[in-house]
Ligand SMILES: Cc1ncc(COP(=O)(O)O)c(C=O)c1O
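Residue numbers (our numbering): 2 to 382.
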C-alpha cells in the first residue's frame, strides 16, 4: 500500500464519478481533480514536513472511500455516526458508550479535562510533556501547571510524581509514550502509579502514540477505567491512523468525568461527518496500522543510522518522532538551517536548548533529513 494507491483510489474512483455526475463532463473532472497550485491542504512539493508527528501515508484507502461517501451527506449534522464510533470504541474495551466522549482531535477533550481540573486545583506533570492543552489553565488564570524537576535521563519519575501530589493538585497528567522524548514508561510501573495516584487526584494518561508501540494494549491503562479508577485516557486518530487533518480524538473515563467534560462543549458540535467516517473506517484497519508502524520503524532506523554516522545521539523512541541531542548546538538555529534545506522540524522545547525533535514522515522526506544533516552540521560547526 502506498500513498499513490490511496490517491488513485480517491481521485480516480469515487471522486471523478461524482464530479462527472455533478458537473457533467470530462473538462469539469479535470478541473475538479487538478492539483491545487497553492498547497492549501498540506506541504508544498519538495518540502519534507517532519514537525508535527503526522502520518502522511494516511488517510488509508478505506478511510478515503468512507470520506467520499460521508461528504455527500455533509448537509446533515452528525448524529448516528457519533454513536457508532463511541460504541465501537466502548465495545473494544468492554465499556459502555457513556465511558467515551469524542472530540475534534484529542485536543478538544484534553482541553476540557484541563479546564475541569483547573476549576478544582492545579495540574501536575513531568518537566517535559505535551502540555499544549494543559496550558489553558494558565491562559485562563484558573490554575497552574506544577512540574517535576528536570531529569538527566528524561524519563518520567513516577515516584517523585506520586510524592508531589498534594491537596492543591486536581489532575496529574502523564503523556505515555511521552512527547517530545518518544519514551515509554514501563507498563507495570505505570499501572501501579495510576492506581495509587488516582486515589489522590484524577490521572490523565495521554496515549496519543499508543498504537505506534509494539504492544499497544499491554502499554495502555484503559483497563483501569474498566476497573473503576479515576483515570482519563486520551486517544487520537491523528497519529497512526493518519487523520490529523480530519480532527477526531476521544477520551475514555468514568461516566461522571465524561459528563463533567461534556459541559465544555465536546461530544457533538465539534465533529464532522467526513472525520467520523474516516475514523469509523480506520478504527480496526490493522492492515493500514501495521503498514504505518513498519514505515515508522524503517524511518527511525534511517534517522538513528544517520545520527550515529555524524556523531550524534538520541533518545530511544517507540513513536513516530525522535528527540535528538545536538550536543553544544542550538536547536532553534538547527531548525532554521534545516528549513533552508526544505526540511521542517521542531525548535527548542522550554530550556532544552540543544534538543531537537524530528518526526518520521514519508521515507523520501526522512531521507531528505538524513541528507541535509551533514550539510547543516558542517555549516553550524
Ligand atoms: C501527546 C499528544 N497528545 C495530543 C495531541 C493532540 O492531537 P490531536 O488533537 O490531533 O488529537 C498531540 C499532538 O501532537 C500529542 O502529541
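All residues carry an ideal CB built from backbone N, CA and C; glycine is no exception.
This structure is a prediction, so every number in the text was calculated from the model and none was measured.
| query | result |
| --- | --- |
| Taking the alpha helix (DSSP H) that residue 346 falls in, what are its first and last residues? | Segment: none, residue 346 is in no alpha helix (DSSP H) and carries neither H nor E. |
| Is it a yes or a no for the segment 107-118 touching the segment 250-265, going by three-plus beta-carbon pairs under 8 Å? | yes |
| I need the boundaries of the beta strand (DSSP E) containing residue 103, first residue and last residue. | 101-104 |
| Whose CA, out of 242, 241 and 318, lies closest to the CA of residue 180? | 318 |
| Evaluate contact between the segment 95-105 and the segment 141-159, counting only Cβ atoms and requiring at least three cross-stretch pairs below 8 Å. | no |
| Starting from residue 125, follow the beta strand (DSSP E) in both directions and report where the run begins and ends. | 123-126 |
| So, for residue 332: in the same chain, excluding its five sequence neighbours on each side, which residues have a beta-carbon less than 7 Å away from its beta-carbon? | 348, 349, 354, 355, 356 and 357 |
| Closest to residue 91 by CA distance: which of 55, 253, 69 and 327 is it? | 253 |
| May I ask which residues mark the beginning and end of the alpha helix (DSSP H) holding residue 83? | 81-93 |
| Using 8 Å as the cut-off, can you tell me whether the segment 288-304 makes contact with the segment 261-277, which would need three or more C-beta pairs spanning the two stretches below that distance? | no |
| Please report the distance separating the alpha-carbon of residue 365 from that of residue 264. | 44 Å |
| Just tell me which of 237, 53, 283 and 372 has its CA closest to the CA of residue 307. | 372 |
| Would you kindly work out how many angstroms separate the C-alpha atoms of residue 225 and residue 284, rounded to a whole number? | 21 Å |
| Thinking just about the alpha-carbon of each residue, which of 84, 75 and 51 is nearest to the one in residue 321? | 51 |
| Are residue 241 and residue 290 close, meaning C-beta to C-beta below 8 Å? | yes |
| Between which two residues does the beta strand (DSSP E) carrying residue 250 extend? | 250-253 |
| Kindly give me the distance between the Cβ atoms of residue 206 and residue 232, rounded to whole angstroms, as I take these residues to be in contact under 8 Å. | 6 Å |
| Just to check, is the beta-carbon of residue 183 closer than 7 Å to a non-hydrogen atom of ligand 1? | no |
| Please confirm whether any heavy atom of ligand 1 lies closer than 7 Å to the CB of residue 293. | no |
| Would you mind sorting residue 87 into buried or exposed? The rule is 16 or more other CB atoms within 10 Å of its CB. | buried |
| Go ahead and label residue 54 buried or exposed: buried means 16 or more other beta carbons lie within 10 angstroms of its beta carbon, across all protein chains shown. | buried |
| Using only alpha-carbon positions, find the residue among 140, 374 and 182 that is nearest to residue 340. | 374 |
| Alpha carbon to alpha carbon, how far is residue 66 from residue 363? Give it in angstroms, no decimals. | 22 Å |
| Name the residue from 216, 311, 97 and 186 whose alpha carbon lies nearest to the alpha carbon of residue 84. | 97 |
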